[in-house]
Amino acid sequence: MTQSVVVQVGQCGNQIGCCFWDLALREHAAVNQKGIYDEAISSFFRNVDTRVVGDGGSISKGKICSLKARAVLIDMEEGVVNEILQGPLRDVFDTKQLITDISGSGNNWAVGHRVFGSLYQDQILEKLRKSAEHCDCLQCFFIIHSMGGGTGSGLGTFLLKMLEDEFPEVYRFVTSIYPSGEDDVITSPYNSILAMKELNEHADCVLPIDNQSLFDIISKIDLMVNSGKLGTTVKPKSLVTSSSGALKTRHKKPFDAMNNIVANLLLNLTSSARFEGSLNMDLNEISMNLVPFPQLHYLVSSLTPLYTLTDVNIPPRRLDQMFSDAFSKDHQLLRADPKHSLYLACALMVRGNVQVSDVRRNIERLKPSLQFVSWNQEGWKTSLCSIPPVGHSHSLLALANNTCVKPTFMELKERFMRLYKKKAHLHHYLQVEGMEESCFTEAVSSLSALIQEYNQLDATKNMPVQDLPRLSIAM
Amino acid sequence: MSIVTVQLGQCGNQIGFEVFDALLSDSHSSQGLCCKRENEAYQASCKERFFSEEENGVPIARAVLVDMEPKVINQTLSKAAQSGRWKYGQHACFCQKQGSGNNWAYGYSVHGPRHEESIMNLIRKEVEKCDSFSGFFIIMSMAGGTGSGIGAFVTQNLQDQYSNSLKMNQIIWPYGTGEVIVQNYNSILTLSHLYRSSDALLVHENDAVHKICAKLMNIKQISFSDINQVLAHQLGSVFQPTYSAESSFHYRRNPLEGFKDPALYTSWLPVHAFNVWKTQRAFSKYEKSAVLVSNSQFLVKPLDMIVGKAWNMFASKAYIHQYTKFGIEEEDFLDSFTSLEQVVASYCNL
Numbered sequence: 002m003t004q005s006v007v008v009q010v011g012q013c014g015n016q017i018g019c020c021f022w023d024l025a026l027r028e029h030a031a032v033n034q035k036g037i038y039d040e041a042i043s044s045f046f047r048n049v050d051t052r053v054v055g056d057g058g059s060i061s062k063g064k065i066c067s068l069k070a071r072a073v074l075i076d077m078e079e080g081v082v083n084e085i086l087q088g089p090l091r092d093v094f095d096t097k098q099l100i101t102d103i104s105g106s107g108n109n110w111a112v113g114h115r116v117f118g119s120l121y122q123d124q125i126l127e128k129l130r131k132s133a134e135h136c137d138c139l140q141c142f143f144i145i146h147s148m149g150g151g152t153g154s155g156l157g158t159f160l161l162k163m164l165e166d167e168f169p170e171v172y173r174f175v176t177s178i179y180p181s182g183e184d185d186v187i188t189s190p191y192n193s194i195l196a197m198k199e200l201n202e203h204a205d206c207v208l209p210i211d212n213q214s215l216f217d218i219i220s221k222i223d224l225m226v227n228s229g230k231l232g233t234t235v236k237p238k239s240l241v242t243s244s245s246g247a248l249k250t251r252h253k254k255p256f257d258a259m260n261n262i263v264a265n266l267l268l269n270l271t272s273s274a275r276f277e278g279s280l281n282m283d284l285n286e287i288s289m290n291l292v293p294f295p296q297l298h299y300l301v302s303s304l305t306p307l308y309t310l311t312d313v314n315i316p317p318r319r320l321d322q323m324f325s326d327a328f329s330k331d332h333q334l335l336r337a338d339p340k341h342s343l344y345l346a347c348a349l350m351v352r353g354n355v356q357v358s359d360v361r362r363n364i365e366r367l368k369p370s371l372q373f374v375s376w377n378q379e380g381w382k383t384s385l386c387s388i389p390p391v392g393h394s395h396s397l398l399a400l401a402n403n404t405c406v407k408p409t410f411m412e413l414k415e416r417f418m419r420l421y422k423k424k425a426h427l428h429h430y431l432q433v434e435g436m437e438e439s440c441f442t443e444a445v446s447s448l449s450a451l452i453q454e455y456n457q458l459d460a461t462k463n464m465p466v467q468d469l470p471r472l473s474i475a476m
Numbered sequence: 215m216s217i218v219t220v221q222l223g224q225c226g227n228q229i230g231f232e233v234f235d236a237l238l239s240d241s242h243s244s245q246g247l248c249c250k251r252e253n254e255a256y257q258a259s260c261k262e263r264f265f266s267e268e269e270n271g272v273p274i275a276r277a278v279l280v281d282m283e284p285k286v287i288n289q290t291l292s293k294a295a296q297s298g299r300w301k302y303g304q305h306a307c308f309c310q311k312q313g314s315g316n317n318w319a320y321g322y323s324v325h326g327p328r329h330e331e332s333i334m335n336l337i338r339k340e341v342e343k344c345d346s347f348s349g350f351f352i353i354m355s356m357a358g359g360t361g362s363g364i365g366a367f368v369t370q371n372l373q374d375q376y377s378n379s380l381k382m383n384q385i386i387w388p389y390g391t392g393e394v395i396v397q398n399y400n401s402i403l404t405l406s407h408l409y410r411s412s413d414a415l416l417v418h419e420n421d422a423v424h425k426i427c428a429k430l431m432n433i434k435q436i437s438f439s440d441i442n443q444v445l446a447h448q449l450g451s452v453f454q455p456t457y458s459a460e461s462s463f464h465y466r467r468n469p470l471e472g473f474k475d476p477a478l479y480t481s482w483l484p485v486h487a488f489n490v491w492k493t494q495r496a497f498s499k500y501e502k503s504a505v506l507v508s509n510s511q512f513l514v515k516p517l518d519m520i521v522g523k524a525w526n527m528f529a530s531k532a533y534i535h536q537y538t539k540f541g542i543e544e545e546d547f548l549d550s551f552t553s554l555e556q557v558v559a560s561y562c563n564l
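Just so you know, the sequences run in chain order Z and R. Numbers 2 to 476, taken from our numbering, label the letters of the first sequence in order. Numbers 215 to 564, taken from our numbering, label the letters of the second sequence in order.
And the structure:
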């Protein structure tokens with residue numbers, strides 16, 4: 002089995018990362034009752050004998066001593082990381098795996114990417130190499146960051162190129178929080194577009210997420226929980242937004258509920274690689290099946306169920322409902338309309354007591370309402386993992402490579418152009434050494450080219466599927 | 215005479231377990247209408263083919279387990295050991311950490327050569343344990359990366375190193391509607407390579423077995439475990455001892471002998487095309503059972519469909535970069551397409 006390293010960058014990245022580690026511990030504690038350090042846990046955690054000073058403390062088998070997250074925490078301000086180190090998760094992080102500064106990036110991609118990039122390049126490389134050395138077989142880096150700010154966006158994408166050069170065989174999966182239209186950071190369009198160019202060129206797979214969708218999910222859950230209807234008490238651990246049963250029970254911070262959703266996304270994404278099942282799906286299979294062309298690697302995710310009811314007298318929502326929900330906009334982590342756009346590929350990652358016939362029945366049922374590209378009419382990838390998430394009997398994560406991401410990118414481009422035409426705030430960027438206007442124009446070109454690829458695919462929608470003439474053989 | 219089984223990938227290993235389990239259950243189950251002496255001859259023959267004997271009486275499967283990641287093999291080994299009635303050899307597995315990522319090119323061009331020596335050594339050891347060795351039974355799927363890619367690679371090696379022994383490949387044809395998006399590419403690459411190195415391809419379609427579970431067995435929520443058990447039952451009845459030409463009580467020594475019959479493979483059907491292999495002994499829980507293995511045109515339609523879908527995808531160049539990354543070029547795809555179009559045409563011309 003392989004290991005993955007999480008690189009959390011910036012305020013957003015670290016806050017989400019923190020929630021992720023919290024829920025990961027909770028999940029493994031629920032599954033691993035005997036406290037033995039097994040391969041599943043080792044995918045994200047090291048087992049360390051804390052009595053040993055220095056580096057020799059790793060224990061590869063036997064009882065769990067002290068778990069350390071395979072993580073590198075990077076932030077150019079100290080606030081968030083300090084809070085993590087003083088909170089209930091402090092023992093999970095290795096203090097040698099942090100990189101912080103005090104001044105912050107000022108919501109400026111150029112500062113994050115160029116100034117801090119060159120300043121901390123060696124240190125970052127050293128920490129990454131260290132974390133790789135601790136792994137028996139490193140398969141994947143998970144980068145978590147936001148696109149709209151300075152550190153996550155700038156420094157976060159700086160290290161993508163570094164990872165590609167240093168560890169070319171290790172996958173780079175990026176979880177990116179995209180800014181919404183009402184974002185309070187004025188320069189977020191600049192930061193996002195500059196970051197997009199890096200994602201286009203150096204990421205293997207990107208999971209774009211927007212805050213508005215997360216917020217909508219929370220509102221929907223609140224409505225459900227507070228509606229006072231009989232029997233609507235929800236099992237606390239089952240809320241996709243909750244950290245009940247985890248270490249950070251005193252959360253109540255505004256973004257925690259939203260961050261937990263993203264944390265659950267990452268857990269479900271890796272569940273079939275960590276736990277057994279009748280049809281396993283490793284991380285390298287995600288890229289293989291869902292990325293038909295190297296640039297088209299943006300995947301829209303939907304998570305279901307969002308909660309489970311406690312009242313056992315109310316029959317659990319039928320299994321089929323779970324599949325329908327995964328294709329409803331309420332469960333998407335990005336605002337988009339896949340049903341009216343074109344699917345290039347779709348993966349269904351199922352957990353719990355669900356069998357192959359259930360999956361097949363639902364694919365047959367849902368297929369007619371979805372449009373797949375002509376050369377991939379049966380473009381479904383499925384996985385069945387036996388272990389459900391905490392608090393549920395089964396769950397489904399759907400990952401779609403769909404042209405519906407195009408509007409998100411087009412909107413971003415429009416917001417960018419509105420600012421750029423007036424050269425608003427541009428001087429903050431240009432005064433950073435190495436930054437020129439060409440950086441901006443190149444970034445926009447890169448995005449335009451991507452949008453154009455999606456346009457070309459969309460143009461094939463609704464065209465009749467023709468079988469191409471085959472090779473003819475002389476007998 | 216003994217058969218050495220090579221189980222590859224998740225599918226191959228999951229099915230392999232069910233097959234050995236079915237074979238052993240059958241040999242221990244009620245003898246039906248035959249007499250005691252007959253039953254004992256049957257049991258002895260069955261055991262010898264597929265199992266070798268251990269000191270404390272627990273039979274060890276004559277099998278080599280190969281997978282590029284550990285979860286499935288670990289599960290398979292422990293399920294066998296838990297049954298208490300049989301187990302796999304302690305050193306019969308070859309396992310890696312990363313998996314083949316559903317990529318035939320990765321299985322065939324990277325994992326295959328890298329681990330060739332280790333895998334072939336394991337196989338050799340198993341063959342050496344046999345008093346008299348008759349051939350190989352290779353279980354693999356076509357849709358993934360390990361079973362398909364490494365399966366093709368290993369079969370080729372077996373052709374080179376054991377050219378006199380029979381190699382029979384059990385291949386699992388994936389569901390028409392995706393288990394794996396690149397399954398059509400993986401399938402055509404596998405089939406075109408196996409055609410050159412395997413002696414016989416025994417095909418089971420997931421769709422067909424699924425229908426059996428649904429319609430004939432009325433299983434409501436069909437799992438892969440159900441599907442594999444039906445498959446194992448079918449395979450078990452093909453491989454269990456049957457009478458040889460001599461007489462009753464003499465079980466056919468070479469279980470794969472029947473498959474060598476050239477009459478099975480010719481393009482014209484002679485009058486006596488059906489070979490009937492009989493035994494009085496009951497199989498598994500059934501007093502009487504029959505199994506039919508045929509070489510017919512049934513496979514043309516599914517083969518044609520897979521080739522068609524793969525061709526459409528290939529024309530758009532989708533996913534090709536994932537294969538060229540590991541040394542399988544567009545030419546290799548074209549070669550595979552050509553071979554398979556020839557096969558389809560040959561069957562159609564019958």
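Positions of the beta carbon are idealized from the N, C-alpha and C atoms, including for glycine. Values in this document were obtained by computation on a predicted structure and should not be read as measured data.
- Secondary structure of Z:H395 (DSSP, three-state): strand.
- Counting only Cβ-Cβ distances below 7 Å, Z:S279 has contacts in chain R at S437, F438, S439, in chain order.
- Take Z:T461, set aside five residues on each side of it, and the residues of its chain with a beta-carbon closer than 7 Å to its own are V374, S375, in chain order.
- Spatial neighbours of R:W387 in its own chain (CB-CB distance under 7 Å, excluding positions within 5 residues in sequence) are listed in chain order as M356, V417, H418, E419, N420, P516.
- Shown here, Z:Q12 sits in a helix according to DSSP, grouped into three states.
- Against chain R, the CB of Z:K382 has a partner CB under 8 Å away; the residue lies at that interface.
- Cβ proximity to chain R below 7 Å picks out E277, S279, L280, N281, D283, N285, E286, M289, N290 from the segment 261 to 290 of chain Z.
- Per the Cβ contact rule, the segment 194 to 209 of chain Z is in contact with the segment 171 to 182 of chain Z (3 or more Cβ pairs under 8 Å).
- A contact between stretches requires three or more CB pairs, one per stretch, nearer than 8 Å, and the segment 379 to 395 of chain Z fails this requirement with the segment 420 to 427 of chain Z.
- Contact of Z:I364 with chain R by beta-carbon distance below 9 Å involves T391, G392.
- With distances taken between CA atoms, Z:L126 lies nearest to Z:L156 out of Z:L156, Z:S147, Z:L400.
- In this structure, the beta-carbon distance from R:N371 to R:E340 does not fall below 8 Å.
- If you check each beta-carbon in the segment 136 to 168 of chain Z against every beta-carbon of chain R, the ones closer than 9 Å belong to D137, C138, Q140.
- Membership of Z:F216 in the alpha helix (DSSP H) is indicated by the continuous run 212 to 227.
- Scanning its chain for C-beta atoms nearer than 6 Å, with the 5 sequence neighbours on each side dropped, one finds around Z:D338 the residues C405, in chain order.
- Around Z:P295, the beta-carbon contacts reaching into chain R at under 8 Å are H535.
- Within the segment 16 to 40 of chain Z, the residues whose Cβ lies closer than 8 Å to some Cβ of chain R are E40, listed in chain order.
- Residue pairing by DSSP leaves R:I426 without any beta bridge partner.
- The beta carbon of Z:M2 falls within 8 Å of a beta carbon belonging to chain R, placing the residue at that interface.
- Collapsing the DSSP output to three states places Z:Y455 in a helix.
- Among the residues facing chain Z, R:E340 is not included, as its CB has no counterpart in that chain under 8 Å away.
- For Z:T3, the CB contacts under 6 Å within the same chain, skipping 5 residues up- and downstream, are C138, Q140 in chain order.
- The beta carbon of R:M431 does not come within 8 Å of any beta carbon belonging to chain Z, so the residue lies off that interface.
- Inclusion of R:R276 and R:S266 in the CB contact set at 8 Å is warranted, their separation being smaller than that value.
- Close partners of Z:L300 in chain R (Cβ separation under 9 Å) are lacking, with about 13 Å as the shortest Cβ gap.
- In the DSSP secondary-structure assignment, R:Q221 is bridged to R:L279, R:I353.
- Sorting R:N563, R:C562, R:F551 by C-alpha distance to the C-alpha of Z:P470 places R:F551 at the top.
- Look at R:E545: its C-beta is not under 8 Å from any C-beta on chain Z.
- The beta-carbon of R:G313 is placed less than 8 Å from the nearest beta-carbon of chain Z.
- Less than 8 Å separates the beta-carbon of Z:L266 from that of Z:L398.
- Counting C-beta pairs closer than 8 Å gives fewer than three between the segment 273 to 280 of chain Z and the segment 188 to 201 of chain Z, which falls short of the contact rule.
- Under the DSSP assignment, R:W387 falls in the beta strand (DSSP E) whose first and last residues are 380 to 387.
- When the beta-carbon positions are compared, Z:D95 and Z:K62 stay at least 8 Å from each other.
- Only V521, G522, K523, W525, N526, M527, A529, S530 from the segment 509 to 530 of chain R bring a Cβ to less than 8 Å from some Cβ of chain Z.
- In the structure shown, Z:H426 falls within a coil segment according to DSSP collapsed to helix, strand and coil.
- The alpha-carbon separation between Z:K198 and Z:G150 amounts to approximately 15 Å.
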